[in-house]
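Protein chains in written order, with the working numbering: chain A, 1 to 261; chain B, 262 to 522. Worksheet: one structure, shown below.
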């Protein structure tokens with residue numbers, strides 16, 4: 001390590017990587033940055049995903065085991081910080097190929113628990129739903145409609161590595177995702193505060209796809225009507241609703257519990 | 262309305278209110294700002310809580326019913342924006358007295374479901390836990406230890422009015438809150454990823470206080486050991502843990518379900 005001169009922020013490769021903070025560049029190149037050791041570990045667990053890892057000299061030593069088989073470019077602190085949107089970067093950022101799979105691949109893998117997000121807009125919410133889906137043992141996730149970019153740095157960070165743990169599809173039309181799930185025998189449940197079925201009275205034991213809507217306006221009626229049931233989380237107090245990722249957690253764990261009972 | 266000249270940002274009362282963006286000023290004066298119609302509605306539902314409501318001329322008309330019995334100061338858009346930390350302010354901000362009650366009041370009200378947060382640091386997480394506690398029908402919440410200020414604008418905003426829906430106590434020492442709950446016959450359950458009891462195998466039917474720790478480091482061992490049980494949410498996938506407010510939602514709804522079965 002001592003004889004390697006760290007790359008600086010003006011280095012051509014670092015500059016190119018930095019452009020990936022823009023969604024348009026990420027989409028065009030089908031590349032993104034995964035920031036922090038959990039994300040880098042997740043990315044390295046997928047064959048062919050990582051192009052290279054940028055690491056500060058200190059992080060290169062600290063994460064020596066993690067980076068043992070990776071292509072690593074040692075960069076200085078300033079160059080690393082320019083690749084991270086974190087307030088206190090952990091010192092490792094992986095340049096990765098996009099990992100979303102075609103919708104059919106995600107749906108035809110016979111999932112028992114699938115998540116379809118329509119128009120989730122907040123990067124932190126989207127990341128949190130992916131993390132929770134992973135924890136609850138979901139088999140895949142579809143970001144549909146006008147959802148936030150799965151490769152947004154905030155989304156990637158809030159998945160804490162889970163982005164790399166379960167199959168992900170991106171589908172412009174949420175109705176196509178719903179119909180694909182139904183065609184594979186999944187019951188599609190729309191999470192809908194105005195739904196007529198109580199979450200804890202619903203039969204959740206079979207293969208299920210949960211459909212979640214936007215943070216502010218929920219699910220458009222024409223989309224919710226495609227679902228097999230519209231399911232509401234009971235509100236016992238005076239709150240009017242739950243935050244999207246919170247609601248998703250309650251629904252997904254109710255399913256996990258019923259399916260594993 | 263047409264003959265009222267809106268107050269401007271340099272108005273003395275507006276300037277004084279603006280100082281409440283600082284925690285030290287909020288704590289000293291025991292005042293805070295509640296931003297947006299849901300928060301203002303919640304504040305107005307508590308006798309003596311609201312000192313005055315600042316509203317733009319447009320919001321004063323739009324929320325005429327809500328503000329019918331309130332003391333309202335009409336302010337211009339710029340003055341209102343200076344009182345709001347929201348990117349797109351809704352036009353109404355209430356100047357409120359602090360509403361936290363002594364710990365004994367919250368605990369002696371014979372709660373069946375109580376939430377104790379120790380060292381929750383992120384304002385959005387804290388607000389989200391309060392909102393979820395309300396939705397799950399909790400009877401009170403204690404922000405303990407080095408928790409974020411309950412009156413932080415981001416916390417207030419993310420409760421979406423729930424801050425005003427259930428009794429809140431602030432207690433510097435989390436151990437005191439735990440012991441107070443136990444003294445009133447509540448079973449204290451520590452949410453702990455390393456806990457030895459599976460959430461879905463625990464008996465949650467009795468009066469319960471949930472103890473949640475910090476976002477990054479969880480519960481200190483000496484605090485978790487005071488709890489009657491250390492309960493873990495099962496992780497079925499490859500995620501290492503759940504986000505704090507997500508975990509709280511799963512635990513609180515598991516309790517609500519068991520208590521109401």
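By construction, the Cβ of each residue, glycine as well, lies at the ideal position given by its N, Cα and C atoms.
When Cβ-Cβ separations below 8 Å define contact, residue 389 of chain B makes contact with chain A. Where residue 54 of chain A is concerned, there is no enclosing alpha helix (DSSP H), although the beta strand (DSSP E) around it starts and stops at 50–55. For residue 353 of chain B, the uninterrupted beta strand (DSSP E) run begins and ends at 353–358, by DSSP. Runs of the beta strand (DSSP E) lying entirely within the stretch 114–178 of chain A, each at least 3 residues long, are 140–144 and 168–171 in chain order. Using beta-carbon distances, residue 459 of chain B does not count as an interface residue toward chain A, since no partner is under 8 Å. Interface residue (Cβ-Cβ distance to chain A less than 8 Å): residue 324 of chain B is not classified as such. Distance from the CA of residue 267 of chain B to the CA of residue 278 of chain B, rounded to the nearest whole angstrom, comes to 16 Å. Per DSSP, the unbroken beta strand (DSSP E) holding residue 231 of chain A starts and ends at 229–232.
For residue 221 of chain A, the enclosing alpha helix (DSSP H) has its first and last residue at 221–224. Only residues of its own chain outside the window of five on either side were considered, and among them 231, 232, 233, 234, 250, 251 and 254 have a CB closer than 8 Å to the CB of residue 199 of chain A, listed in chain order. Spatial neighbours of residue 310 of chain B in its own chain (CB-CB distance under 7 Å, excluding positions within 5 residues in sequence) are listed in chain order as 304, 357, 358 and 360. In the DSSP annotation of this structure, the continuous segment of the alpha helix (DSSP H) that includes residue 507 of chain B starts and ends at 505–521. Here the alpha carbon of residue 467 of chain B sits roughly 20 Å from the alpha carbon of residue 366 of chain B. The contact set of residue 511 of chain B on chain A, defined by CB atoms closer than 8 Å, consists of 249, 250 and 253 in chain order. If you draw a straight line from the Cα of residue 383 of chain B to the Cα of residue 476 of chain B, it comes to about 8 Å. Here the stretch 72–82 of chain A lies against the stretch 53–60 of chain A, with 3 or more beta-carbon pairs under 8 Å apart.
Spatial neighbours of residue 46 of chain A in its own chain (CB-CB distance under 7 Å, excluding positions within 5 residues in sequence) are listed in chain order as 99 and 164. Note: residue 209 of chain A is bridge-paired with A:114 and A:188 in the DSSP secondary-structure output. Residue environment: residue 217 of chain A is assigned as exposed (fewer than 16 neighbouring CB atoms within 10 Å of its CB, all protein chains considered). Residues of chain A with a Cβ closer than 9 Å to the Cβ of residue 377 of chain B do not exist; the shortest Cβ-Cβ separation is about 17 Å. The stretch 10–62 of chain A is shown to contain whole beta strand (DSSP E) runs of 3 or more residues at 31–35 and 50–55, in chain order.
Per DSSP, the unbroken beta strand (DSSP E) holding residue 333 of chain B starts and ends at 333–335. Of the candidates A:112, A:85 and A:101, A:85 places its Cα closest to the Cα of residue 158 of chain A. It is roughly 8 Å from the alpha-carbon of residue 287 of chain B to the alpha-carbon of residue 412 of chain B. For residue 300 of chain B, the nearest beta carbon of chain A is not closer than 8 Å to its own beta carbon. In the DSSP secondary-structure assignment, residue 7 of chain A is bridged to A:75. Residue 366 of chain B: member of the alpha helix (DSSP H) spanning 364–369, first to last residue. One alpha carbon belongs to residue 258 of chain A, the other to residue 471 of chain B, and they sit about 23 Å apart. Residue-level contact check: residue 393 of chain B touches chain A, since one or more beta carbons of chain A fall below 8 Å from its beta carbon. Within chain A, the residues placing a beta-carbon under 7 Å from that of residue 507 of chain B are 128, 132, 245, 246 and 249, ordered along the chain. Any Cβ of chain B closer than 8 Å to the Cβ of residue 213 of chain A would place that residue at the interface, and such an atom is absent. Here residue 136 of chain A is not near residue 227 of chain A, since their CB atoms are 8 Å or more apart. At a beta-carbon threshold of 8 Å, the residues of chain B lying near residue 237 of chain A are 394, 395, 396, 397, 398, 399, 423, 426 and 427, ordered along the chain. Looking at B:485, B:504 and B:422, the one whose alpha-carbon comes closest to that of residue 440 of chain B is B:485. In this structure, the alpha-carbon of residue 102 of chain A lies about 20 Å from that of residue 24 of chain A. In terms of CA proximity to residue 271 of chain B, B:340 leads the group B:296, B:302 and B:340.
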